[in-house]
Amino acid sequence: EGSFSGSVSAVKRADLQFNELSYSGQILERTPRNAGKLGEEYYTFGRPTSGPLYINKKNIEYVLEPGCIYLTDQSVPYKAQAKDIPYQSISISIPRSALALREPNLSPFYTLQLGDGNPRAQLLSGYMDQLMAGLFQWSDVVISGLANKLLDMIVVLMVHEEKSLTSATERNVRQAQHECAMTYIRSHCHNPALTAAQVATSCGLSVSYIEWLFKSTQLSIEESIHNERLTKGHELLSSAMHRGKSVSQL
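Numbering of the sequence shown is given in the numbering used here, commencing with residue 497 and proceeding in unit increments.
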């Protein structure tokens, strides 16, 4: 794996630890046994200045590299490696409990890109710089107040924003699935034997899921099929081609 080299500078103020980290070489690993021995669970909020660093948690790989800020759970098992370039970062270690007071449901990893002019990332990065620059100038009371504001900002600008984006993505997926189903229903509503199972199969979904999907729109799938048949029947009866014909003839 190569020789290991590294350095850590850490200052603790107001229940937070402010770090400057540099290392390269061997893989760093936190095993389940090591994680279980931690006195307190914590997250790290930081910005890489050199890298990248590759982190594997539960077989998911995350990459920390210059141009981003990140929030990652350091209390779960992981492996981390800086491969070709030494990894360096400035960071703040935060007790999980302090974040959980603001948001109980935390994911293991969050990141925001700085390079695209993202105002949330720019604000958080600039605030961290100013906070760290004043570590030895401000009183404990001032540092504590500023640290609490930082935690508020992290939760609002990183944690809640990601949840909002995830919710929007889920809504878009559900809308696409519903439209896929409705397209099939419109094309096959003339079939008197059309069933929810057939619609589900055409969209690659289960029957139970598609029934839930339609109920979430206030109309069951059976009601949607019935309405489409009525709409189609009205269109046919209104057309000159079918004038004078009964519904049964159509």
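By construction, the Cβ of each residue, glycine as well, lies at the ideal position given by its N, Cα and C atoms.
Rounded distance between the beta-carbons of residue j and residue i, thought under 8 Å
{"i": "Pro562", "j": "Ser587", "result": "The pair is not a contact, with the Cβ atoms about 13 Å apart (cut-off 8 Å)."}
{"i": "Ser640", "j": "Ala510", "result": "4 Å"}
{"i": "Asp550", "j": "Arg592", "result": "First, the residue type needs correcting, since residue 550 is Tyr and not Asp in the sequence shown. About 23 Å separates the two Cβ atoms, so there is no contact after all."}
{"i": "Lys645", "j": "Pro604", "result": "Lys645 to Pro604, Cβ: 24 Å. No contact."}
Neighbour-count burial assignment, residue i, 16 or more Cβ in a 10 Å radius
{"i": "Ile717", "result": "buried"}
{"i": "Ile523", "result": "exposed"}
{"i": "Ile581", "result": "exposed"}
{"i": "Thr679", "result": "exposed"}
{"i": "Pro600", "result": "exposed"}
{"i": "Asp636", "result": "exposed"}
{"i": "Ser520", "result": "buried"}
{"i": "Glu731", "result": "exposed"}
{"i": "Glu497", "result": "The predicted model places Glu497 with a pLDDT of 48, which falls under 50 and marks its position as unreliable; any figure quoted below should be read in that light. So Glu497 counts as exposed."}
{"i": "Phe632", "result": "exposed"}
{"i": "Tyr606", "result": "buried"}
{"i": "Thr568", "result": "buried"}
{"i": "Ser683", "result": "exposed"}
{"i": "Ser503", "result": "exposed"}
{"i": "Val695", "result": "buried"}
{"i": "Tyr705", "result": "exposed"}
{"i": "Pro548", "result": "buried"}
{"i": "Gly542", "result": "buried"}
{"i": "Thr540", "result": "buried"}
{"i": "Ile556", "result": "exposed"}
{"i": "Ala672", "result": "exposed"}
{"i": "Ser585", "result": "buried"}
{"i": "Leu619", "result": "exposed"}
{"i": "Ala677", "result": "buried"}
Residue i: first and last residue of the uninterrupted beta strand (DSSP E) it sits in
{"i": "Leu608", "result": "Phe605 to Gln609"}
{"i": "Ala506", "result": "Ser501 to Arg509"}
{"i": "Ile590", "result": "Tyr583 to Pro591"}
{"i": "Asn515", "result": "Leu512 to Ser520"}
{"i": "Gln694", "result": "Run containing Gln694: none in the beta strand (DSSP E); it sits in the alpha helix (DSSP H), Ala692 to Cys699."}
{"i": "Lys575", "result": "Tyr574 to Gln577"}
N- and C-terminal bounds of the alpha helix (DSSP H) containing residue i
{"i": "Arg616", "result": "Pro615 to Ala629"}
{"i": "Thr711", "result": "According to the sequence provided, residue 711 is Lys. The question's Thr does not apply to it. First-last of the alpha helix (DSSP H) with Lys711: Val703 to Lys711."}
{"i": "Glu731", "result": "Ile717 to Ser734"}
Residues bridged to residue i [DSSP beta-bridge criterion]
{"i": "Ala596", "result": "According to DSSP, which records beta bridges pairwise, Ala596 is partnered with nothing at all."}
{"i": "Tyr524", "result": "Sequence inspection shows Leu at residue 524; the Tyr mentioned does not correspond to that position. In the DSSP output, where bridge partners are listed per residue, Leu524 has Ala576."}
{"i": "Asp636", "result": "DSSP output for Asp636 lists no bridge partner at all."}
{"i": "Thr679", "result": "Per DSSP, none; premise fails for Thr679."}
{"i": "Leu567", "result": "Phe541 and Tyr606"}
Please give me, in chain order, every unbroken run of the beta strand (DSSP E) with length at least 3 that falls completely inside the region 531-565. 538-546, 549-553 and 556-560
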